[in-house]
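**Q**
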Amino acid sequence: MAERRKSAAARGKEPAAPAKTGDSGHFPADEPPERLLGYYADMVLIRKFELSADQMYKRAKIGGYCHLNLGEEATVVGLMDALQPSDYLFTNYRDHGYALMRGMTPGAVMAELFGKSTGVSKGRGGSMHMFDTATRMMGGYGIVGGQLPPATGAALALTYRSRPGPDAEVVMCQMGDGTTNIGAFHESLNLAAVWNLPIVYVIVNNRLGMGTTVEAAAGEPELYKRGCSYRIPGERVDGTDVVAVREGAGRALDRARLERKPALLEVMSYRLRGHSVVDPARYRSAADVETAQAADPLPLLRRRLLAAGLMDEARAQDIESEADKKVAAAVAFADSSPDPTPDQLFDYAYASPVANAAHALPGDPAVVIP
1300 MAERRKSAAA RGKEPAAPAK TGDSGHFPAD EPPERLLGYY ADMVLIRKFE
1350 LSADQMYKRA KIGGYCHLNL GEEATVVGLM DALQPSDYLF TNYRDHGYAL
1400 MRGMTPGAVM AELFGKSTGV SKGRGGSMHM FDTATRMMGG YGIVGGQLPP
1450 ATGAALALTY RSRPGPDAEV VMCQMGDGTT NIGAFHESLN LAAVWNLPIV
1500 YVIVNNRLGM GTTVEAAAGE PELYKRGCSY RIPGERVDGT DVVAVREGAG
1550 RALDRARLER KPALLEVMSY RLRGHSVVDP ARYRSAADVE TAQAADPLPL
1600 LRRRLLAAGL MDEARAQDIE SEADKKVAAA VAFADSSPDP TPDQLFDYAY
1650 ASPVANAAHA LPGDPAVVIP
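Numbering of the sequence shown is given in my numbering, commencing with residue 1300 and proceeding in unit increments.
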């Protein structure tokens, strides 16, 4: 676990250094090579997708807010591989990669970014609100910490319909580091501890809450320790190492699944760009940017696979080319998909029919006289 590297007087000047990253060719002896190559393919797909989303936003194909997973690919892939299909996932607004790895198609995710009716939320959610009951991804929440109370409630509901065991359903609730400073974080952890809920709270610590460092905003910047006051065990893992993330998530999920008790996982994972697509990140020093680039999980894994002899340059290029094709097809699908029509404005406003629900469009007469 990472040591605290700054004195109180030095806090806030620079983000904390990342957890130590591995750049050797060594993997666990029992790790199947094809699984590692699959991780690389998944991480490349997320990277290519997010770079394309950045371009499409700047071409005004995507509106509203847009937050990317660039630099967090190993974190996303490791977390999602640790989940079972029956588990529930709640995330914050940086959710594109999670949607892809949870099983939504690149075309449907890109169409959602474009606001098209073929999107995963029928074009109504956009970048921050990926939602799909089939893959049990319950959002995509735009409000900081908005996902914590409903995720905790979902975990409570699971205690009524399943018992602890290897096949028990659990909840994973992902959040950013800044979320740990809001009231809902502490309220949710307290209830999870009191009620023994099967939930894993995952803090993706990219060291910056928008433009404020964790050290400047948190009295306890080692965020995995924040569950201690609720007797919830915490662990910090290296977010540049997909296997380390998967294993850390697996340990936390086992506690929730087998013991029906909550757990806290902190994943140290630099983001490579600003808070959102429109953020130039001028608050970051050249040294910090250089450190973030050195911790980029994609070239790290690429070098490790090559050094271990599990992948050659030709295979790497094939994987990267295939991801390019998938993303290009996703953009083409989104671009050719229909926009929602005005008469669909009130569709999906309620899960079931509601008396006197609004249905009139602007300009419609208030009273229709036969």
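Heads up, the beta-carbon is just placed ideally off N, CA and C, and yes, glycines get one too. If you're wondering where the values come from, they're calculated on a predicted model, not measured in any experiment.
Using the three-state DSSP reduction, which class does T1390 fall into: helix, strand or coil?
**A** One-based indexing of the sequence shown puts residue 1390 at position 91. Note: T1390 maps to strand in three-state DSSP.
**Q** G1370 to L1571, Cα distance in whole Å?
**A** What you label residue 1370 is simply residue 71 of the sequence shown in a count that begins at 1. What you label residue 1571 is simply residue 272 of the sequence shown in a count that begins at 1. Distance between the alpha carbons of G1370 and L1571 is about 5 Å.
**Q** Bridge partners for C1365 per DSSP, in chain order?
**A** As a first step, residue 1365 must be located in the sequence shown, where it is residue number 66. Its beta-bridge partners do not exist; DSSP assigns none.
**Q** What separation, rounded to the nearest whole angstrom, lies between the Cα atoms of P1463 and N1495?
**A** Along the sequence shown, one-based indexing puts residue 1463 at 164. Along the sequence shown, one-based indexing puts residue 1495 at 196. Approximately 11 Å between the Cα atoms of the pair.
**Q** Please list the terminal residues of the continuous alpha helix (DSSP H) segment that includes A1396.
**A** What you label residue 1396 is simply residue 97 of the sequence shown in a count that begins at 1. Looking at the sequence itself, residue 1396 is Gly, so the reference to Ala does not match. Per DSSP, G1396 belongs to the alpha helix (DSSP H) from H1395 to R1401.
**Q** Would the stretch 1403 to 1421 and the stretch 1469 to 1488 be scored as touching if the rule is three or more Cβ pairs under 8 Å?
**A** Short answer: they don't touch.
**Q** CA-CA distance, D1634 and K1624?
**A** Taking the sequence shown and counting its residues from 1, the one referred to as residue 1634 is at position 335. Taking the sequence shown and counting its residues from 1, the one referred to as residue 1624 is at position 325. D1634 and K1624: Cα-Cα distance of roughly 15 Å.
**Q** Pairs of beta-carbons, one from the stretch 1420 to 1435 and one from the stretch 1521 to 1529, closer than 8 Å: are there three or more?
**A** No, they do not touch.
**Q** May I have the straight-line CA-CA distance separating G1422 from I1361, to the nearest angstrom?
**A** Counting from 1 along the sequence shown, the entry for residue 1422 is found at position 123. Counting from 1 along the sequence shown, the entry for residue 1361 is found at position 62. Using only the alpha carbons, I get a separation of about 11 Å.
**Q** I want to know whether the stretch 1390 to 1408 touches the stretch 1585 to 1595 - three or more CB-CB distances under 8 Å.
**A** Because the criterion of three Cβ pairs below 8 Å is not met, the stretch 1390 to 1408 and the stretch 1585 to 1595 do not touch.
**Q** On a Cα-Cα basis, can you pick out the residue from A1381, L1455 and S1351 that is closest to L1412?
**A** Taking the sequence shown and counting its residues from 1, one reaches residue 1412 at position 113. Taking only the C-alpha atoms, the option nearest L1412 is S1351.
**Q** Is N1655 buried or exposed, if buried means 16 or more other CB atoms sit within 10 Å of its CB?
**A** Along the sequence shown, read from residue 1 onward, the residue named residue 1655 stands at position 356. That one is exposed.
**Q** Below 8 Å between beta carbons: does that hold for A1615 and R1601?
**A** Locating residue 1615 in the sequence shown gives position 316, counting from the first residue. Locating residue 1601 in the sequence shown gives position 302, counting from the first residue. Taking 8 Å as the Cβ cut-off, A1615 and R1601 qualify as a contacting pair.
**Q** Can you tell me which of V1469, G1538 and K1347 puts its alpha carbon nearest to the alpha carbon of P1384?
**A** Here residue 1384 is taken as the residue at index 85 of the sequence shown, counted from 1. Ranking the options by Cα distance to P1384, first place goes to V1469.
**Q** Spatial neighbours of H1658 within its chain, please: C-beta separation below 7 Å, excluding the five flanking residues on both sides.
**A** Taking the first residue of the sequence shown as 1, we reach residue 1658 at position 359. Same-chain partners within the cutoff: F1645.
**Q** By the 10 Å Cβ neighbour count, where 16 or more other Cβ atoms means buried, how is S1426 classified, buried or exposed?
**A** Residue mapping note: residue 1426 aligns to position 127 of the sequence shown, counting from 1. S1426 comes out buried.
**Q** In terms of residues, what are the limits of the beta strand (DSSP E) holding Q1446?
**A** Here residue 1446 is taken as the residue at index 147 of the sequence shown, counted from 1. Premise fails: Q1446 is in no beta strand (DSSP E) and is neither H nor E.
**Q** Excluding five sequence neighbours on each side, which residues of the same chain lie with their C-beta closer than 7 Å to the C-beta of V1626?
**A** Here residue 1626 refers to the residue found at position 327 of the sequence shown. So the qualifying residues of the chain are K1347, F1348, S1351 and P1405.
**Q** Taking contact to mean at least 3 C-beta pairs separated by less than 8 Å, is the stretch 1375 to 1382 in contact with the stretch 1598 to 1613?
**A** No: the two stretches stay apart, fewer than three of their Cβ pairs being nearer than 8 Å.
**Q** Am I right that D1386 and M1471 are in contact with their C-beta atoms under 8 Å? What's the rounded C-beta distance?
**A** In the sequence shown, residue 1386 corresponds to position 87, counting from 1. In the sequence shown, residue 1471 corresponds to position 172, counting from 1. The pair is a contact, with the Cβ atoms about 6 Å apart (cut-off 8 Å).
**Q** For P1641, which residues in the same chain have their Cβ closer than 7 Å to its Cβ, ignoring the five residues on either side in sequence?
**A** As a working note, residue 1641 is residue 342 in the sequence shown. Only L1660 meet the Cβ criterion.
**Q** Going straight from the alpha carbon of E1621 to that of A1631, what length do you get?
**A** Residue mapping note: residue 1621 aligns to position 322 of the sequence shown, counting from 1. Residue mapping note: residue 1631 aligns to position 332 of the sequence shown, counting from 1. Rounded to whole angstroms, E1621 to A1631 spans 15 Å at the Cα level.
**Q** Using a 10 Å radius around the Cβ and a threshold of 16 neighbouring Cβ atoms, would you call E1333 buried or exposed?
**A** The count along the sequence shown starts at 1 and reaches residue 1333 at position 34. So E1333 counts as exposed.
**Q** Would E1558 be called buried (16 or more neighbouring beta carbons within 10 Å of its own) or exposed?
**A** Translated into positions along the sequence shown, residue 1558 becomes position 259. Counting Cβ neighbours within 10 Å, E1558 comes out exposed, since fewer than 16 surround it.
**Q** Are G1439 and D1476 closer than 8 Å when you measure CB to CB?
**A** Taking the sequence shown and counting its residues from 1, the one referred to as residue 1439 is at position 140. Taking the sequence shown and counting its residues from 1, the one referred to as residue 1476 is at position 177. Going by C-beta atoms, G1439 is not nearer than 8 Å to D1476.
**Q** Taking N1655 as part of the beta strand (DSSP E), name the residues at either end of that continuous run.
**A** Along the sequence shown, read from residue 1 onward, the residue named residue 1655 stands at position 356. No beta strand (DSSP E) contains N1655, which DSSP labels as neither H nor E.
**Q** To the nearest angstrom, how far is the alpha carbon of P1449 from that of M1474?
**A** Working through the sequence shown from its first residue, we reach residue 1449 at position 150. Working through the sequence shown from its first residue, we reach residue 1474 at position 175. Distance between the alpha carbons of P1449 and M1474: 13 Å.
**Q** Contact check, S1568 vs N1504 under 8 Å by CB: the rounded distance?
**A** Here residue 1568 refers to the residue found at position 269 when the sequence shown is read from its first residue. Here residue 1504 refers to the residue found at position 205 when the sequence shown is read from its first residue. Rounded, the Cβ-Cβ distance is 7 Å, consistent with contact.
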